[in-house]
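Novice:
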Amino acid sequence: MKKKKCLLFGFGNIGRQDDALGIMLAEKIGQCTNSCFDIDQNFQLNAEDALTISEYDIVIFADACVDTKAPFCFQRLKPDSEISFSTHAMHPKSILALCGELFDKIPRAYLLTMPGYEWEFNAPITPAAQDNLDAAFTFIDQWGHTLDNLAVGL
Amino acid sequence: MGKKITIEPITRVEGHGKVTIKLDDDNNIVESRLHIVEFRGFERFVQGRPYWEAPVLVQRLCGICPVSHHLAAAKAMDVVVGAGEGNGLTPTADKVRRLMHYGQIFQSHVLHFFHLVSPDLLFGVDGDPATRNIVGVAQQFPELATQGVMMRKFGQEIIKATSGKKIHGTGAIPGGVNKCLTKEDVDNFLHGADPLNIDKMISWASDAVELFKDYHLKNKKFIDEFAYFPSNHLSLVRKGDGALELYDGVLRAVDADGKIILNDVDNQEYHHHIAEGVKSWTYMKFPFLKHLGKEKGWFRVGPLARLNVAEFIPSEKAQREFELFRAYTHGKPNQSSMHMHWARLIEVLHAAEEMKRLLLDPDLTKGDLMTTGTRKGEGVGIIEAPRGTLFHHYKVDPQDHITMCNLIVSTTCNNEPMNQAVNWVARNVIAGNEKVPEHMLNQVEVAIRAYDPCLSCATHAMGKMPLKISLEDQSGNILDEVIKG
Numbered sequence: 225m226k227k228k229k230c231l232l233f234g235f236g237n238i239g240r241q242d243d244a245l246g247i248m249l250a251e252k253i254g255q256c257t258n259s260c261f262d263i264d265q266n267f268q269l270n271a272e273d274a275l276t277i278s279e280y281d282i283v284i285f286a287d288a289c290v291d292t293k294a295p296f297c298f299q300r301l302k303p304d305s306e307i308s309f310s311t312h313a314m315h316p317k318s319i320l321a322l323c324g325e326l327f328d329k330i331p332r333a334y335l336l337t338m339p340g341y342e343w344e345f346n347a348p349i350t351p352a353a354q355d356n357l358d359a360a361f362t363f364i365d366q367w368g369h370t371l372d373n374l375a376v377g378l
Numbered sequence: 013m014g015k016k017i018t019i020e021p022i023t024r025v026e027g028h029g030k031v032t033i034k035l036d037d038d039n040n041i042v043e044s045r046l047h048i049v050e051f052r053g054f055e056r057f058v059q060g061r062p063y064w065e066a067p068v069l070v071q072r073l074c075g076i077c078p079v080s081h082h083l084a085a086a087k088a089m090d091v092v093v094g095a096g097e098g099n100g101l102t103p104t105a106d107k108v109r110r111l112m113h114y115g116q117i118f119q120s121h122v123l124h125f126f127h128l129v130s131p132d133l134l135f136g137v138d139g140d141p142a143t144r145n146i147v148g149v150a151q152q153f154p155e156l157a158t159q160g161v162m163m164r165k166f167g168q169e170i171i172k173a174t175s176g177k178k179i180h181g182t183g184a185i186p187g188g189v190n191k192c193l194t195k196e197d198v199d200n201f202l203h204g205a206d207p208l209n210i211d212k213m214i215s216w217a218s219d220a221v222e223l224f225k226d227y228h229l230k231n232k233k234f235i236d237e238f239a240y241f242p243s244n245h246l247s248l249v250r251k252g253d254g255a256l257e258l259y260d261g262v263l264r265a266v267d268a269d270g271k272i273i274l275n276d277v278d279n280q281e282y283h284h285h286i287a288e289g290v291k292s293w294t295y296m297k298f299p300f301l302k303h304l305g306k307e308k309g310w311f312r313v314g315p316l317a318r319l320n321v322a323e324f325i326p327s328e329k330a331q332r333e334f335e336l337f338r339a340y341t342h343g344k345p346n347q348s349s350m351h352m353h354w355a356r357l358i359e360v361l362h363a364a365e366e367m368k369r370l371l372l373d374p375d376l377t378k379g380d381l382m383t384t385g386t387r388k389g390e391g392v393g394i395i396e397a398p399r400g401t402l403f404h405h406y407k408v409d410p411q412d413h414i415t416m417c418n419l420i421v422s423t424t425c426n427n428e429p430m431n432q433a434v435n436w437v438a439r440n441v442i443a444g445n446e447k448v449p450e451h452m453l454n455q456v457e458v459a460i461r462a463y464d465p466c467l468s469c470a471t472h473a474m475g476k477m478p479l480k481i482s483l484e485d486q487s488g489n490i491l492d493e494v495i496k497g
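Protein sequence lines correspond, in order, to chains Y and V. Just so we're aligned, residue 225 is where the first sequence starts under the numbering used here, counting upward by one. Just so we're aligned, residue 13 is where the second sequence starts under the numbering used here, counting upward by one.
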C-alpha cells in the first residue's frame with residue numbers, strides 16, 4: 225500500500241508567548257525520528273500554502289486558540305471561503321477551499337487548536353499552555369501511527 | 013439623535029483597526045476617524061538586549077513583513093559596528109540583502125494585489141461579499157489566482173534562500189550576511205521548471221500591470237476619484253540621481269505640486285527633520301516634517317509616494333510603465349489613493365527585474381560576507397518596506413547593550429493619509445444615507461486597503477482576528493451590528 229503523505233503545519237508567532245503553540249508543536253513533532261509527518265510552519269497561513277498542502281494526503285493545521293477547551297481541540301475541517309477583514313492571514317478552511325479550486329484536490333484536513341492564555345512579547349509560554357502542548361504532542365504522535373488505516377479524501 | 017458607525021475588532025490584543033463615523037440627525041458626517049492600535053512596548057523590550065540580537069528579535073514585531081524589520085535593524089547595526097551606512101558592505105553581502113528585500117517586496121505586493129485587491133476589482137466593490145474574495149477569484153479566474161499563488165511562492169523561496177529560514181531568518185547580521193547563495197540556488201531561480209523561474213515572474217508581473225491598466229481604462233472615474241486628496245509624499249531615493257531605491261538611499265519628500273520639500277537627507281539625520289505628533293483619540297502617532305509643522309507636514313509613504321518622489325526607475329520594463337504613470341498626471345504627483353495599486357504593480361515588475369539582475373551577478377555566490385570597522389554608539393537603518401518607509405534607530409552602550417530604540421513603521425507614516433481616505437468615503441459615499449449597507453462599509457475597507465496597512469501584527473491565534481461593525485447613535489446605543497472574520 226502506498227504510504228500516505230502527511231503534513232503538520234504549525235502557525236503563530238514564537239515571539240508572542242502562547243501564540244507559539246502551533247510552531248512549537250510542529251518543531252516537537254519534527255524532532256521525532258519515527259514521525260510520519262512532514263513539518264511546515266509560518267507566522268500565519270497564506271494563499272501559497274494552498275500549493276503546499278496540495279502535495280499531501282493528510283494535513284493537520286496547529287495553532288494557539290483563545291477560546292477552546294483545554295488541553296486541545298482536534299476537529300475535521302471542510303473547505304470554506306470565509307475571509308477575515310485584514311486577509312493578511314487566511315483561515316485553514318479558506319486554504320482548503322483555495323486548494324480545491326486551484327489544484328483540484330482537497331487533502332483530508334484537521335485543525336488542532338491549543339488554548340493559550342498570555343500573548344506578551346518574548347515571554348516563555350505559560351505552564352498551562354505547556355501542559356496543553358504536551359498533551360497535544362502525545363495525541364498527535366500516537367494518532368500519526370494510525371494514519372495508514374484512514375481512508376483519504378473528504 | 014445622531015449616529016455613530018463603528019468598525020472594530022472584538023478581541024484583538026493589539027495591532028487592530030477601528031473606524032468610527034459619526035452622523036448627525038440628517039445623516040451628515042460629523043467626524044470620521046481611523047484608530048489603529050499600535051504596539052509601542054517592543055521598543056522597551058529591546059532595551060538591554062545585545063545589539064547583535066536586534067535583526068532577529070525585531071522579526072517578532074510583525075508576521076507580515078519580518079524581512080523589512082530584519083533588514084532595517086541590520087542596517088542600523090551596520091553603522092554601530094562601523095561597517096558603513098549602507099554602502100560599506102561587501103558586494104556579496106549587499107547583493108544578498110538586496111535580493112532578500114526584493115523577494116519580500118515582490119511577495120508582499122503580490123499578496124496584496126491578488127488576495128486583497130483583485131476581488132474588489134473583478135467583482136466590484138458592491139459585489140456579492142460571499143464570492144468577493146480570493147476563493148471567489150479562484151473559482152472564476154483560476155489562471156489569475158494560480159499566478160498569484162505561484163508568484164507568492166517564488167518570493168517566499170527567494171527569502172528562504174537568502175535569509176536561511178522561512179520565518180525568523182538570520183541571513184543579515186551586523187556588518188554583512190552569514191551566507192551567500194549556492195550556484196544551485198541561483199540556477200533554480202533562473203531556470204527552474206515552469207512556472208517557478210524568474211522570466212515567468214517578470215512576464216506575469218507585466219501581465220498584472222496590464223490587468224490594472226485595462227481595469228483603469230474601463231473604470232476611470234472610480235480609480236481616479238475614489239479617496240483622492242492632495243498630500244506630501246516621502247521616500248528614499250538613490251543618492252546622486254534620485255532613482256527609485258528600496259534598500260538604501262537618502263530621504264526625499266515632495267509637496268502636492270511636486271516641489272522638493274526634503275532634499276536628500278542622510279539616514280542618520282532623519283530625527284532632525286521628522287517628528288511624531290500625538291492626538292488625544294488614538295495611541296498611534298502622526299509623523300510629520302518638522303519644518304512644516306503638524307498641520308502641513310504630514311506625508312504619504314508607500315508605492316504611490318515612491319513613484320511620486322523618484323525621478324526614474326532603474327529597470328527597463330518598470331521604467332516604461334513609470335513613464336506612463338507619471339505622464340498620466342502630467343509629471344505632477346499622483347494623488348489618487350487607488351493609483352496606489354498601479355504604483356504597487358509597477359514595483360512588482362521592478363522587483364522581478366531587479367531579482368533577475370542580481371541572480372545573474374556572480375557576486376551572489378562569493379564568500380566575502382563581512383565588513384568591520386570602528387564601533388559607534390548609535391545607528392539608524394531606513395528601508396522602503398512594502399508599505400512604505402520604515403525607520404529603525406538604536407543607541408548602544410559600551411557593553412554592547414541597546415539603550416534606546418525608536419521605530420517608525422510605514423503604517424504609522426500613513427496614519428493621517430488613511431484618515432483622509434476614510435474621511436473621503438464618509439463624505440462622498442456614506443453621508444446622506446439612513447442605512448449603511450455592506451457595499452458602503454466595504455468601500456471604507458477599500459480606502460484603507462489601498463494603503464495596505466499592517467493591522468494584524470504579531471498575534472494571529474484563532475479567535476483573535478474578527479472584526480465588529482456596529483452602527484450606534486451618539487449616546488452609544490447600538491442600532492445595528494455585523495461581525496466579520
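Built from N, CA and C at the ideal position, the CB exists for glycine as well.
1. Taking all protein chains shown into account, decide if K302 (chain V) is buried (16 or more other Cβ within 10 angstroms of its Cβ) or exposed.
2. Can you list the residues of chain V that G239 (chain Y) reaches, using a CB-CB cut of under 7 angstroms?
3. Assuming the contact rule is C-beta atoms closer than 8 angstroms, I214 (chain V) and K368 (chain V) should be a hit. Round their C-beta distance to whole Å, please.
4. Which same chain residues, not among the five before or five after D355 (chain Y), have their C-beta less than 8 angstroms away from its C-beta?
5. Which class does A360 (chain Y) belong to by DSSP, given the choice of helix, strand or coil?
6. Between the alpha carbons of W64 (chain V) and K378 (chain V), how many angstroms are there, rounded?
7. Tell me, please, which residues DSSP counts as bridged to L301 (chain V).
8. Got a sec: is the Cβ-Cβ distance from A433 (chain V) to anything in chain Y below 8 angstroms?
9. Measuring alpha carbon to alpha carbon, tell me which residue in Y:R240, Y:C323 and Y:I253 is nearest L231 (chain Y).
10. Quick one, are the C-beta atoms of L353 (chain V) and P62 (chain V) less than 8 angstroms apart?
11. Among V:W216, V:F126 and V:L371, which has the Cα closest to the Cα of E272 (chain Y)?
12. Can you pull the chain V residues whose beta carbon is under 7 angstroms from the beta carbon of A321 (chain Y), in chain order?
13. Can you find a C-beta in chain V that's less than 8 angstroms from the C-beta of S305 (chain Y)?
14. How would you list, in chain order, the residues of chain V whose beta-carbon sits under 9 angstroms from the beta-carbon of Q265 (chain Y)?
15. If you count every other CB in all the chains shown that lies within 10 Å of the CB of I272 (chain V), and 16 or more means buried, which is it?
16. Measuring only between beta-carbons, confirm whether A353 (chain Y) sits less than 8 angstroms from chain V.
17. Between the beta-carbon of R8 (chain V) and the beta-carbon of H245 (chain V), is there less than 8 angstroms?
18. Return the chain-ordered ranges of every beta strand (DSSP E) run that is complete within the segment 238 to 321 of chain Y and spans a minimum of 3 residues.
19. In this structure, does DSSP put T415 (chain V) in helix, strand or coil?
20. So which residues of chain V does N356 (chain Y) contact, with C-beta pairs closer than 8 angstroms?
21. Pick out the complete beta strand (DSSP E) segments inside the segment 337 to 380 of chain V, 3 residues or longer, and give them in chain order.
22. Where does the unbroken alpha helix (DSSP H) through C425 (chain V) begin, and where does it stop?
23. Assign G368 (chain Y) to one of two classes, buried (16 or more other C-beta atoms within 10 Å of its C-beta) or exposed (fewer than that).
24. Step through the CB atoms of chain V and report whether any lies within less than 8 angstroms of the CB of T311 (chain Y).
25. What residues of chain Y sit near A66 (chain V), judged by a beta carbon separation below 9 angstroms?
26. Helix, strand or coil for F233 (chain Y)? Go by DSSP, reduced to three states.
27. At least one CB of chain Y closer than 8 angstroms to the CB of Q331 (chain V): is that the case?
28. Can you give me the C-alpha to C-alpha distance between G400 (chain V) and Y259 (chain V), rounded to a whole angstrom?
29. Alpha carbon to alpha carbon, how far is I481 (chain V) from V198 (chain V)?
30. Name the chain V residues whose beta carbon is nearer than 7 angstroms to that of F345 (chain Y)?
Specialist: To lay it out plainly:
1. exposed
2. R72
3. 6 angstroms
4. Closer than 8 angstroms at the Cβ level, and outside the excluded window around D355 (chain Y), lie A294 and P295.
5. Taken through DSSP and simplified to helix, strand or coil, A360 (chain Y) comes out as helix.
6. Rounded to the nearest angstrom, the two C-alpha atoms are 23 angstroms apart.
7. V:I286
8. Answer no: the Cβ-Cβ gap between A433 (chain V) and chain Y never drops below 8 angstroms.
9. Y:I253
10. As written in the sequence, residue 353 (chain V) is His, which differs from the Leu given in the question. No, the pair does not count as a contact, with Cβ atoms beyond the cut-off.
11. Taking only the C-alpha atoms, the option nearest E272 (chain Y) is V:F126.
12. V147
13. At least one chain V Cβ lies under 8 angstroms of S305 (chain Y).
14. K178 and I179
15. exposed
16. The beta carbon of A353 (chain Y) sits no closer than 8 angstroms to any beta carbon of chain V.
17. This structure cannot settle anything about residue 8 (chain V), because the visible part of chain V is limited to 13 through 497.
18. 261 to 266, 282 to 289 and 297 to 301
19. strand
20. Correct list: empty, because the minimum Cβ distance to chain V is about 12 angstroms.
21. Whole beta strand (DSSP E) segments, 3+ residues: zero.
22. S422 to C425
23. buried
24. Model confidence at T311 (chain Y) stands at a pLDDT of 47, short of 50, so the residue's coordinates are unreliable; what they give is reported in the following sentence. T311 (chain Y) counts as touching chain V.
25. Those do not exist, as A66 (chain V) stays about 13 angstroms from chain Y at its closest Cβ, beyond 9 angstroms.
26. strand
27. no
28. 11 angstroms
29. Its pLDDT being 46, under 50, I481 (chain V) is placed unreliably in this model, and the value from its coordinates should be taken loosely. Those two C-alpha atoms are separated by around 48 angstroms.
30. G53, F54, F57 and R72
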